[in-house]
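Undergrad: Dropping the structure in here first, questions after.
There are 8 protein chains.
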Amino acid sequence: MGFQEIIYGATKSAEVLIEILESYQEQKLNALVTKLQIEKAGRLMKAFPNALFDRDSGIFMLKPQEQNLRKGEVAIISAGTSDIFIVNEIYYTLAYLGFDAERINDVGVAGVHRLLKKVDALKKFKVLIVVAGFEGALPTVVGGLLQQPIIAVPTSIGYGVAEGGNAALNTMLSSCANGIMVVNIDNGYGAAMGAYRILKQVRE
Amino acid sequence: MGFQEIIYGATKSAEVLIEILESYQEQKLNALVTKLQIEKAGRLMKAFPNALFDRDSGIFMLKPQEQNLRKGEVAIISAGTSDIFIVNEIYYTLAYLGFDAERINDVGVAGVHRLLKKVDALKKFKVLIVVAGFEGALPTVVGGLLQQPIIAVPTSIGYGVAEGGNAALNTMLSSCANGIMVVNIDNGYGAAMGAYRILKQVRE
Amino acid sequence: MGFQEIIYGATKSAEVLIEILESYQEQKLNALVTKLQIEKAGRLMKAFPNALFDRDSGIFMLKPQEQNLRKGEVAIISAGTSDIFIVNEIYYTLAYLGFDAERINDVGVAGVHRLLKKVDALKKFKVLIVVAGFEGALPTVVGGLLQQPIIAVPTSIGYGVAEGGNAALNTMLSSCANGIMVVNIDNGYGAAMGAYRILKQVRE
Amino acid sequence: MGFQEIIYGATKSAEVLIEILESYQEQKLNALVTKLQIEKAGRLMKAFPNALFDRDSGIFMLKPQEQNLRKGEVAIISAGTSDIFIVNEIYYTLAYLGFDAERINDVGVAGVHRLLKKVDALKKFKVLIVVAGFEGALPTVVGGLLQQPIIAVPTSIGYGVAEGGNAALNTMLSSCANGIMVVNIDNGYGAAMGAYRILKQVRE
Amino acid sequence: MGFQEIIYGATKSAEVLIEILESYQEQKLNALVTKLQIEKAGRLMKAFPNALFDRDSGIFMLKPQEQNLRKGEVAIISAGTSDIFIVNEIYYTLAYLGFDAERINDVGVAGVHRLLKKVDALKKFKVLIVVAGFEGALPTVVGGLLQQPIIAVPTSIGYGVAEGGNAALNTMLSSCANGIMVVNIDNGYGAAMGAYRILKQVRE
Amino acid sequence: MGFQEIIYGATKSAEVLIEILESYQEQKLNALVTKLQIEKAGRLMKAFPNALFDRDSGIFMLKPQEQNLRKGEVAIISAGTSDIFIVNEIYYTLAYLGFDAERINDVGVAGVHRLLKKVDALKKFKVLIVVAGFEGALPTVVGGLLQQPIIAVPTSIGYGVAEGGNAALNTMLSSCANGIMVVNIDNGYGAAMGAYRILKQVRE
Amino acid sequence: MGFQEIIYGATKSAEVLIEILESYQEQKLNALVTKLQIEKAGRLMKAFPNALFDRDSGIFMLKPQEQNLRKGEVAIISAGTSDIFIVNEIYYTLAYLGFDAERINDVGVAGVHRLLKKVDALKKFKVLIVVAGFEGALPTVVGGLLQQPIIAVPTSIGYGVAEGGNAALNTMLSSCANGIMVVNIDNGYGAAMGAYRILKQVRE
Amino acid sequence: MGFQEIIYGATKSAEVLIEILESYQEQKLNALVTKLQIEKAGRLMKAFPNALFDRDSGIFMLKPQEQNLRKGEVAIISAGTSDIFIVNEIYYTLAYLGFDAERINDVGVAGVHRLLKKVDALKKFKVLIVVAGFEGALPTVVGGLLQQPIIAVPTSIGYGVAEGGNAALNTMLSSCANGIMVVNIDNGYGAAMGAYRILKQVRE
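Top to bottom, those sequences are chains A, B, C, D, E, F, G and H.
Counted from 1, the first sequence has number 49 at position 49 by the working numbering; the numbering is strictly sequential.
The working numbering runs 204 ahead of the 1-based position in the second sequence.
The working numbering runs 408 ahead of the 1-based position in the third sequence.
The working numbering runs 612 ahead of the 1-based position in the fourth sequence.
The working numbering runs 816 ahead of the 1-based position in the fifth sequence.
The working numbering runs 1020 ahead of the 1-based position in the sixth sequence.
The working numbering runs 1224 ahead of the 1-based position in the seventh sequence.
The working numbering runs 1428 ahead of the 1-based position in the eighth sequence.
Printed below as a string of structure tokens:
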């Protein structure tokens, strides 16, 4: 396809990753590695000192994209700091694809008034990505208040019946709000790519 | 214990149930049968023509309780008519125990504004019982808005990952709202008994 | 929200549904009922003889929409006739919302050549909805060949480990194709609504 | 709501937690952190030397509450020392909320005589919180002997089919005792909050 | 082995079963069929009018054993009438093997005092079989009070998380009482055979 | 009960365990600790230098029992060295209770001839305990060849669908051999106690 | 591919099936329908009176293949009559493909001696298909005795933990015998096709 | 059987393994150890310096087989470098058995064109082993394009719903391609043995 390449970093060794990235560099291409562990990131940063590594999300970008990004198209909504590892995976994947997403980290279902105050500001975005762990109810409430495409991302944050993210995933899939679309647990990168597919249609 | 007797009807034959109920009648006691199937209910109503049977919930009460019930102590909150089989199981169990609960059937998470309008009216109740199937997010939102004891009842209504009620159950157990207490899927009777245990403390 | 109302038919009685639909009719509104069982549909068709009922999907539409529908915006892709109950739920929900989707029913993963022949024809659609039961691999292959937004719908068709649709659901969620978005098992209506949210952005 | 703030510590970094706690301290507010790992606790105790940290439960309290606590309102019942990590989470959360709960650690289902001897002493409490891992049967026996509100807390202690706490959770949810209310596995804090909601009603 | 033959009836047609039973009859052997559906039982009773069929359990015995059975060796303990389909499967299988078991149907965990009154009477039996559905806690309490071999039989009676019997099964497997032995859900016949293996050792 | 005390070691700290064991020592009682981790065992061995610790199983016995044990009553059958951690837990628990069990470690289902050669030697034991991980089929084959009470112990050894021991557990519970009795995954101690309950009946 | 067409009958209507079969008939092709329900089979047999329908398995073959089938290449091994619905699905699918398989229905794991007597006779077959429900241990024992390719087919026959066939499936997948290959629960047709793929290699 | 011995290394100590291997060496036999952890491998390599250890797969071979291996009989197909730990387990097990398999590591479902280019080259192999994690769809596509025996190996690589490999396993079992045969998650050794059973028939 025409999509830029993205590399799943969790199960590849540092040697293999460096080899792959060098071949990209030679072709003057950018590259994105996801879910990279900190120990391996250290070795990659030594090999590519101009690259970007985000500790929270494990995102590694060969050539950081920070200029000329399109603003105001995607909002990433979450309830708090526990889900930042996925919020940032989405944020940097979108940056890699050319978008400067807005992160809104302080709205939760149990305090619905804070969310209500943001509804007007949220209306301007073309795609909303909603991230939640534990019971995962946030996309349902957002979906009842706003009409844009909503991509829901369950996270593995939680314990007991919420451990691993299945409770959040099932909540999002069985949401009583209309037309919520869901990606795999902790799949921030997939949510960004889903948004990118939509945004390509919007612009064309 | 001092609690009145309650009989699980689903797995007992009509003959066995009639025998049990006759012994209660002889002792001039009331009795409540839960989850009674319609076919068996027909035979019981012939044997005890003054009894009450609610088709929606399968509740059968030997001596209907309709007078001198205490009002204003319990509200039963649900999103719509699909969960009425549990809402009514709670309602009639509470009637059997001496309470006239208020049923509020039209508030859902995807339309949070309707719920917000009811918040003040809901503040006067001593216990809130919240019933929900599918993704089961309603108790979380209610719990974020109100401070009373909240008993959450997941129902088996739903399909796909929500089939059987586990998605709703897990949502309620992992709720990010503080102090939600949960009973088994479709256990309306248990929720009513939980409320009754609380109300006994409140009054004493 | 501004969305048209849609009613979940599976757990409501014919009486309750007729009552709801009469109130819509009085307000001169259209209405859509999903997952309606055939027995109940017979009673509804007597009450509303101009309505549409599709036996395959259980969709009931108060005022059939067949004219002035927008063509060429959505394709619904599936492998065969076993999944038609969901393909049609999507088709009629989109018709209700103003779109004439194209149904492509004969492409499967095990015969990938048939799919390859359709790739060019599929490029013109703005949204692709891909329906699959059993192992659910079709959205992955489609997602590797085409760049539009892809909404994947797992169905409950299958047996053994595929019974109930979880195998297809998990395949779609863990797809190695980029940016596939997923809805609940058998949730054709949700897929149509997701597409509708996207199409509203595309046009605006 | 009017509830005091409580912070989930397990997934936040020490830096983030210290920042949050400093803002509480500046506002002269107390704060409670739950499920804090020992390594992070060391750093927090350095930053806030007057705070309390309980190693067993991972509870961290900014301003320890030890005086003027209300006694005799809540009993926390468990079978032995294995569940102390949750017993203490409940105990310190209740202390934070103003209550001095009584811990009863040596009653188990397999030795029912020990429990029977405590029944009279337990009758005076307004709320009973029962903690159990493995098969989780203790709340059922307590619920059959006593009439107060009972909040059951399954713990993750166990192995084989009991690993992770689901066996205990399901036992509590399907208890044949009347009106047991359940919280998530290892959610001692949620049990304390549920008790607090009840106690607020009892006193008002 | 030297064990008498036992036939699983649920998945065999009446024709096949009659054929098998005729060959036993010709060899002047007795035979036991388990989990026989009522419709098929009618045809078998016509073919073998002196046989025994128990409607509650679906047990069919070619030559009813009612005389010279050994008394006082096995007690079958359960909480109520809902589990009688398994209690009777055990009872008739033991009769087939030469034992007259005692059925004790009215002891439950939620009313532990009734059980305590029976402890002395239960001490005389050589094997205790304990049957329970829902949360399945009865074997644990019995096992804490008595020292004989205890075979625990979970039943499929229950709903919500207890549906199908897994909650009861897991409770019994993770029991905190010492040395409880468990058979499959609804496997009354297996429990009887387990007891028979023990009784053969006791007598030899 | 009259059973000797046994202490679950996995979740108790070394301090707590030493305290408990000292109180036993003062009362001149023996004590058994199960599933003790090696690090904690080191500290216990320092405190009680005459005690026994078995590294394979994590069994710790305050006063090793090695004399006057009853031989020839229990055989512990397993397929190989992978399950020795449970074989030894059973062996030492039985030693603690006064029995010298025989360990037979080299018979497996995939090599059924080796098992057949041992059938005659196995006939003399009063109770057979069969230990197996992976697919857990060994108790079925043993149960088809021998008539004594058989206690089946699934172990957590295995990977893929066998990881954690559920595959072995379910195989044992649904065995087509008659009257197999099962304990929890890795519950060697429970199997020994089940055998002890049987042996007490055999002797009396 | 070059494979003959096979039609999954369970979810297609009789009308759709007749239409498909007529098109095959016109092209003078044979066709096989699997898992056809009896009611629908009646209608198909009227439309195609020379076809074959096997009630046990639900197999429908347009032009029965009974002559010139290759004998002695495949054996289908099972424990008894309960699994005949899958044994026959395999048998007729192989007939459709040109093979006359041998059905061996009376060997089980719990009576291993009967199987041992057949080992020599089984050595001549090129592929062994082993069918089992409940605990599914038969392929392991067969695989330990014989060296040919073994295709294991779990069936849904069983109850309790064996209900639906997952226990048998997991046993087969985690078999300690070397190189057992497994197909989906109740997928007799898939096993036949797997054997066919092997036999094509053997002959070429 | 006549198969060469293979030893499961994961749960045996280095001491036990060395002892077993020495006895093989004395008998001048080769031996293969699977799933050996790196720490233990170091000790084994010291004891047997001429042995082979593959770090990726954990395969240890006493006498490396590298000459006179049969080429062109088996292809091992996978999507990328993440599954190499299983690809190599298959490769070295086949080498041990006398075959030099070809590894094809760069074909995936999401880029189906790369696979199509290899179809002709793949036609010459007698057995195809297809390895995949995440959604596990590769065997389905391969099975639709090629007619040889296909052994599908799910791997544990993936996250969210794909964690542990069950999503890939279920996809392979419910594949809509004809006659795919499946082994346990991560069971590369079993796949090699299955291929070996087939190849023995092909040659004879």
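Each residue gets a CB set at the ideal place from its N, CA and C atoms; glycine is no exception.
Considering only residues of the stretch 925–991 of chain E, which uninterrupted alpha helix (DSSP H) runs meet the minimum length of 4 residues and lie entirely inside it, listed in chain order?
TA: Taking only runs of at least 4 residues, the alpha helix (DSSP H) segments lying wholly in the stretch 925–991 of chain E are 928–938, 954–961, 982–989.
Undergrad: Please list the partners that G:Y1420 has in chain H, where partner means a Cβ-to-Cβ separation under 8 angstroms.
TA: Here the neighbours are G1607.
Undergrad: Would you mind stating whether A:S156 and A:G143 have Cβ atoms separated by less than 8 angstroms?
TA: No, Cβ-Cβ distance for A:S156 and A:G143 is not below 8 angstroms.
Undergrad: F:C1196: which of F:I1106, F:Q1221, F:T1160, F:F1105 sits nearest, CA to CA?
TA: Looking at the Cα atoms, F:T1160 is the closest of the given residues.
Undergrad: Within the continuous alpha helix (DSSP H) that includes E:I854, where are the two ends?
TA: Start and end: 854–863.
Undergrad: Pull out every residue of the stretch 1089–1118 of chain F whose Cβ sits closer than 7 angstroms to any Cβ of chain H, in chain order.
TA: If the cut-off is 7 angstroms between Cβ atoms, the stretch 1089–1118 of chain F has T1101, S1102 near chain H.
Undergrad: To be precise: take each residue of the stretch 1240–1255 of chain G, compare its Cβ to all Cβ atoms of chain C, and keep it if any distance is under 8 angstroms. Which residues remain?
TA: So the close ones are V1240.
Undergrad: H:H1541: which of H:E1530, H:Y1617, H:L1566 sits nearest, CA to CA?
TA: Here the closest residue by C-alpha is H:L1566.
Undergrad: Tell me the residue span of the beta strand (DSSP E) that contains D:V645.
TA: Its beta strand (DSSP E) spans residues 644–646.
Undergrad: Could you tell me whether the stretch 238–253 of chain B touches the stretch 299–307 of chain B, using the rule of 3 or more Cβ pairs below 8 angstroms?
TA: The answer is no - the stretch 299–307 of chain B does not touch the stretch 238–253 of chain B, with fewer than three Cβ pairs under 8 angstroms.
Undergrad: With a threshold of 8 angstroms between beta-carbons, can D:Y620 be considered close to chain A, or not?
TA: So, interface residue.
Undergrad: Our contact map puts D:P819 next to D:I810 with C-beta atoms below 8 angstroms; I'd like the distance itself, whole angstroms only.
TA: Given a span of 613 to 816 for chain D in the structure shown, any question on residue 819 of chain D remains unanswerable.
Undergrad: Check each candidate in B:M397, B:D258, B:G262 and name the one with the smallest Cα separation from B:A214.
TA: If we check each option's Cα against that of B:A214, B:G262 comes out closest.
Undergrad: Quick check on H:G1616 - is its C-beta less than 8 angstroms from some C-beta in chain A?
TA: No, because no Cβ of chain A sits closer than 8 angstroms to the Cβ of H:G1616.
Undergrad: Return the bridge partner residues of B:F411 from the DSSP annotation.
TA: This structure cannot settle anything about residue 411 of chain B, because the visible part of chain B is limited to 205 through 408.
Undergrad: So what does DSSP say about B:G392, is it helix, strand or coil?
TA: The answer is helix: DSSP assigns B:G392 an H, G or I state.
Undergrad: Relative to the C-alpha of A:E15, which candidate in A:N30, A:K40, A:Y8 has its C-alpha closest?
TA: For A:E15, the nearest C-alpha among the options comes from A:K40.
Undergrad: Interface residues of chain F around D:I769 at Cβ under 7 angstroms?
TA: Result: T1031.
Undergrad: Compare the C-beta of C:V441 against all C-beta atoms of chain G and say whether one is closer than 8 angstroms.
TA: Cβ-Cβ to chain G under 8 angstroms: no for C:V441.
Undergrad: Can you tell which of A:L145, A:D106, A:N184, A:E66 has the C-alpha that lies nearest to the C-alpha of A:Y91?
TA: Checked all of A:L145, A:D106, A:N184, A:E66; the closest Cα to A:Y91 is A:E66.
Undergrad: Which residues of chain B have a Cβ atom closer than 8 angstroms to the Cβ of C:N592, listed in chain order?
TA: Going along chain B in sequence order, the residues near C:N592 (Cβ under 8 angstroms) are Y363, G364, V365, A366.
Undergrad: Does the distance from the C-beta atom of F:G1199 to that of F:A1187 stay below 8 angstroms?
TA: No. Outside cutoff.
Undergrad: Does the separation of the CB atoms of C:V539 and C:I485 fall below 8 angstroms?
TA: Going by C-beta atoms, C:V539 is nearer than 8 angstroms to C:I485.
Undergrad: So, using beta-carbon positions, are C:G488 and C:D464 closer together than 8 angstroms?
TA: Contact: no.
Undergrad: For F:G1185, decide whether its Cβ has a neighbour in chain D, counting only Cβ atoms nearer than 8 angstroms.
TA: Cβ-Cβ to chain D under 8 angstroms: yes for F:G1185.
Undergrad: How big is the Cα-Cα spacing for H:L1497 and H:E1530?
TA: Looking at the two C-alpha atoms, the distance is approximately 12 angstroms.
Undergrad: At the level of alpha carbons, what is the spacing between C:Q435 and C:L425?
TA: Those two C-alpha atoms are separated by around 16 angstroms.
Undergrad: Would H:M1609 and G:V1406 qualify as a contact pair, given that the criterion is a beta-carbon distance under 8 angstroms?
TA: Result yes, Cβ atoms of H:M1609 and G:V1406 sit closer than 8 angstroms.
Undergrad: Under a CB-based cut-off of 8 angstroms, is D:V814 close to chain E?
TA: For D:V814, the answer is no, since every Cβ of chain E falls outside 8 angstroms of its Cβ.
Undergrad: For F:D1120, which beta-bridge partners are listed by DSSP?
TA: Bridge partners of F:D1120: F:K1091.
Undergrad: Assign D:L641 to buried or exposed, taking buried as 16 or more other Cβ atoms, counted over all protein chains shown, within 10 Å of its Cβ.
TA: With fewer than 16 other Cβ atoms within 10 Å, it is exposed.
Undergrad: Below 7 angstroms CB to CB, which residues in the same chain sit around F:T1191 once its five sequence neighbours on both sides are set aside?
TA: If we look at F:T1191 and ignore the five residues flanking it on each side, its Cβ neighbours are E1155, G1156, A1157.
Undergrad: Could you check what DSSP says for G:L1241 in three-state terms: helix, strand or coil?
TA: In the structure shown, G:L1241 sits in a helix (DSSP, three-state: H, G or I).
Undergrad: Which one or two residues does DSSP pair with A:L52 in a beta bridge?
TA: The partner list for A:L52 (beta bridge, DSSP) reads A:M61.
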